[in-house]
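Have a look at the structure below before the remarks.
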Amino acid sequence: MVLIQAIVLLIWIQLVSSKEISGIFIGFDSLTWNAASDLPSAYQGPQIPTWTAELTWFLNGESAEPGDTFTLIMPCVFKFITNQNTVDLIADGTTYATCNLNSGEEFTTFSSLSCTVSSTLTTYTQARGTLHVPLTFNVGSSGTSVSLTDSTCFRPGVNTVTFRDGDNEISTQATFQGSPDDPSPDRYYQRVIPSLNKVSNLVYPPNCPNGYSSGVISFSSSDSNFQLDCSSLDVGMTNQLNAWNFPTSRDSLSYTRSCSDKSITVNFQNVPAGSRPYISVLSAFLGTKTYSINYNLRYTCSGSRSSSVTKTISWAPYRNSLADSNGAVVVYTTSTVTATTTGVTTLPFNPSTDKTETILVLVPIPTTTITTSYVGVTTSYSTISAPIGGTATVIVDKPYHFYNYNLHRMDR
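Here the sequence shown stands for residues 773 to 1184, where the numbers follow our numbering.
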């Protein structure tokens, strides 16, 4: 019973003493893109994997302590392109904090790193390093409020990307390419939602500038593992696509549907001029497997004849990356010297080969003073030295003077 009470008390003390800190992420060094698949359709769009953010972090043991927490908010980041759930902030092989990778996906308009300082951080330690995080951005792909909000995050060309650590903002610039695809024909898109272990499917029929009298959007797959989530179906229309051919607005659309595990069919009618109907639905994520979906679109543009599009698309997975961190440790070492003032010096350090930088704090040897007196006219000083770490003695010998007064009597 006593042991249980002691453990509970220890946990309570840790919870009470820990605090939220900020300003740990101090630099957004770069944001670079490398194609995560070998498909020729891959291009440097913000939503195309994989973008790697290089971030600089700094932990000071004088202001942070084990158990403290800090958070990096990453607006418009859809998810992390990795199977990892956590990443460690490591310097010289030692973990100084552990961060959870929280993907925003379709739930929040941002992703985040929520970090906790490790017990390895001491008062006299400063750790600094870089963190590489593979990610992809959200520029839309459905009619959810999250996707619609993030659909206007960026534009083609140079963009400033900003992350937040408390009140501290870190930024870098990145060049995003707009979609090379013409938005007018039929469009198909998928993206993986790891936390649900599902894939979001988006389909548009070809554009009818004057509106649609009616139409049918259907697709199916014969793959044995393919499975639709009919409850997730969203049918709507939009009057504006962004540079990546995703909706930036959503209006309701009257429709009927037929849905099973393997196929879905949506019938719609009376879409006004300037609007584009779409459907979005989730399906099971099939991992590293390549599979095919058969699409069948029939539509009648207002004032025109009925048209149709039949297409089969093979969907292939992409490669995940690893989040990693490394850096250097700054250790404060105190040494006593035979000097009168405190000084600070940095020992030789080559950042390309050395992992630990030592800052030497030079503190004068403490002294004690003894004052004596003697008959004389000058003050003298003498020092009894002491080894490093000891206390020296300074003797101050002050003079005093003896005056002999001769008294004379005046006779009258």
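In this text, a Cβ means the ideal position worked out from N, Cα and C, and glycines have one as well.
Since the model is a prediction, treat every value here as computed from it, not as a measurement.
For proline 906, which of Thr858, Thr854, Thr880, Thr1084 has the nearest alpha-carbon?
Residue 906 sits at position 134 when you count from the first residue of the sequence shown. Closest option to proline 906, judged by alpha-carbon separation, among Thr858, Thr854, Thr880, Thr1084: Thr854.
Identify the residues that DSSP records as bridge partners of glycine 987: which are they?
Mapped onto the sequence shown, residue 987 falls at position 215. For glycine 987, the pairing in a beta bridge is given by DSSP as Phe1040, Tyr1071.
Can you tell me whether valine 911 is helix, strand or coil according to DSSP?
Against the sequence shown, residue 911 aligns to sequence position 139. The answer is coil: DSSP assigns valine 911 none of H, G, I, E or B.
Quick one, are the C-beta atoms of leucine 721 and asparagine 857 less than 8 Å apart?
With the chain represented from 773 up to 1184, any question about residue 721 goes unanswered, as that position is not in the structure.
Since leucine 920 is in the alpha helix (DSSP H), which residue starts that stretch and which ends it?
On the sequence shown, position 148 is the one that residue 920 refers to. Where leucine 920 is concerned, the enclosing alpha helix (DSSP H) stretches over 917-922.
DSSP state of serine 956, grouped into three classes?
Residue 956 sits at position 184 when you count from the first residue of the sequence shown. In the structure shown, serine 956 sits in coil (DSSP, three-state: anything other than H, G, I, E or B).
Using the Cα positions of serine 742 and threonine 895, report the straight-line distance between them to the nearest angstrom.
Residue numbering for the chain in the displayed model covers 773 to 1184; residue 742 lies beyond these limits and cannot be assessed.
Thinking C-alpha only, which one of Val988, Asn982, Asp939 is nearest valine 1007?
As a first step, residue 1007 must be located in the sequence shown, where it is residue number 235. For the residues Val988, Asn982, Asp939, the minimum Cα distance to valine 1007 belongs to Val988.
Quick check: what's the CA-CA separation for serine 1052 versus asparagine 1017?
By one-based count along the sequence shown, residue 1052 stands at place 280. By one-based count along the sequence shown, residue 1017 stands at place 245. Each residue's Cα considered, the two are about 14 Å apart.
Quick one: what's got a C-beta closer than 8 Å to leucine 1025's C-beta in the same chain, skipping five residues either side?
The count along the sequence shown starts at 1 and reaches residue 1025 at position 253. Closer than 8 Å at Cβ, skipping near neighbours: Val1007, Gly1008, Met1009, Phe1040, Val1043, Pro1049.
Based on Cα-Cα distance, which residue from Ser992, Cys1002, Asp1001 lies nearest to serine 1035?
For the purposes of this step, residue 1035 is taken as the residue at position 263 of the sequence shown. Of Ser992, Cys1002, Asp1001, the residue nearest in Cα terms is Ser992.
Compare the beta carbon distance of threonine 1062 and alanine 1045 with 8 Å and say whether it is the shorter of the two.
Residue 1062 sits at position 290 when you count from the first residue of the sequence shown. Residue 1045 sits at position 273 when you count from the first residue of the sequence shown. No, the Cβ-Cβ distance between threonine 1062 and alanine 1045 is not below 8 Å.
List the residues that DSSP assigns as beta-bridge partners of glutamate 941.
The sequence position of residue 941 within the sequence shown is 169, counting from 1. In the DSSP assignment, glutamate 941 is bridged to Arg936.
For the beta strand (DSSP E) containing proline 1049, name the first residue and the last one.
As a first step, residue 1049 must be located in the sequence shown, where it is residue number 277. From DSSP, the beta strand (DSSP E) with proline 1049 extends over 1048-1056.
Provide the residue span of the beta strand (DSSP E) that contains tryptophan 829, from first to last.
As a position in the sequence shown, residue 829 is number 57, starting the count at 1. Unbroken beta strand (DSSP E) run through tryptophan 829: 823-832.
Threonine 841 and cysteine 887 look like a contact to me (Cβ under 8 Å); what is the Cβ gap, rounded to whole Å?
Against the sequence shown, residue 841 aligns to sequence position 69. Against the sequence shown, residue 887 aligns to sequence position 115. With a Cβ gap of about 7 Å, threonine 841 and cysteine 887 count as contacting.
Which two residues bound the contiguous beta strand (DSSP E) that contains proline 847?
One-based indexing of the sequence shown puts residue 847 at position 75. Counting along the chain, the beta strand (DSSP E) containing proline 847 begins and ends at 841-847.
Please work out which residues of its chain come closer than 8 Å, Cβ to Cβ, to valine 881, disregarding the five sequence neighbours upstream and downstream, and give them in chain order.
Counting from 1 along the sequence shown, the entry for residue 881 is found at position 109. Correcting the residue identity first, residue 881 is threonine in this sequence and not valine. Within the same chain, and ignoring the five residues on either side of threonine 881 in sequence, the residues whose Cβ sits closer than 8 Å to its Cβ are Pro847, Cys848, Asn910, Val918, Thr921, Asp922.
Measure the C-alpha to C-alpha separation of glutamate 792 and proline 838 and round it to an integer number of angstroms.
Locating residue 792 in the sequence shown gives position 20, counting from the first residue. Locating residue 838 in the sequence shown gives position 66, counting from the first residue. Glutamate 792 and proline 838: Cα-Cα distance of roughly 11 Å.
Am I right that phenylalanine 926 and proline 818 are in contact with their C-beta atoms under 8 Å? What's the rounded C-beta distance?
Within the sequence shown, the letter at position 154 stands for residue 926. Within the sequence shown, the letter at position 46 stands for residue 818. Rounded, the Cβ-Cβ distance is 5 Å, consistent with contact.
So the beta strand (DSSP E) serine 1078 belongs to, where does it begin and stop?
Residue numbering aside, residue 1078 sits at position 306 when the sequence shown is read from its first letter. That run of the beta strand (DSSP E) goes 1078-1087.
Would you list the residues sitting across from serine 883 in a DSSP beta bridge?
Indexing the sequence shown from 1 puts residue 883 at position 111. Met846, per the DSSP bridge assignment.
Can threonine 870 and serine 986 be called in contact, C-beta distance under 8 Å?
Numbered from 1 along the sequence shown, position 98 holds the residue referred to as residue 870. Numbered from 1 along the sequence shown, position 214 holds the residue referred to as residue 986. Cβ distance not < 8 Å, so threonine 870 and serine 986 don't count as in contact.
Out of Leu827, Asn1068, Gly938, Thr908, point me to the one whose CA is closest to serine 794's CA.
As a position in the sequence shown, residue 794 is number 22, starting the count at 1. Of the candidates Leu827, Asn1068, Gly938, Thr908, the one whose C-alpha sits nearest the C-alpha of serine 794 is Gly938.
In terms of alpha-carbon separation, which member of Arg1022, Asn982, Ile798, Ser1079 lies closest to glycine 912?
Stepping through the sequence shown from its first residue, residue 912 is reached at position 140. Glycine 912 has its Cα closest to that of Arg1022, out of Arg1022, Asn982, Ile798, Ser1079.
Leaving out five residues on either side along the sequence, give the residues of the same chain with a beta carbon under 6 Å from the beta carbon of arginine 959.
Your numbering for residue 959 matches position 187 in the sequence shown. Answer for arginine 959: Tyr976, Asn1017, listed in chain order.
Give the secondary structure of leucine 893 by DSSP, where H, G and I count as helix, E and B as strand, and everything else as coil.
Your numbering for residue 893 matches position 121 in the sequence shown. Taken through DSSP and simplified to helix, strand or coil, leucine 893 comes out as coil.
Considering tyrosine 976, what are the terminal residues of the beta strand (DSSP E) in which it resides?
Within the sequence shown, numbered from 1, the residue matching residue 976 stands at position 204. Here the beta strand (DSSP E) through tyrosine 976 covers 970-976.
Going by the beta-carbon positions, is the gap between glycine 799 and threonine 897 smaller than 8 Å?
Walking along the sequence shown from the start, residue 799 turns up at place 27. Walking along the sequence shown from the start, residue 897 turns up at place 125. Against a cut-off of 8 Å, the Cβ pair of threonine 897 and glycine 799 comes out as no contact.
Taking only heavy atoms of the ligand ATP into account, decide whether any of them is closer than 7 Å to the Cβ of phenylalanine 1057.
Summarising the ligand content, the structure contains no ligands, and the ligand ATP is consequently not present.
Could you name the residues of the same chain whose beta carbon sits closer than 8 Å to that of aspartate 953, not counting the 5 residues immediately before and after it, in chain order?
Locating residue 953 in the sequence shown gives position 181, where the first residue counts as 1. Answer for aspartate 953: Arg959, Asn1017, listed in chain order.
Going by the DSSP bridge assignment, what does lysine 1061 pair with across the sheet?
As a first step, residue 1061 is located in the sequence shown; it is residue number 289 there, counting from the start. In DSSP, lysine 1061 forms no bridge with anything.
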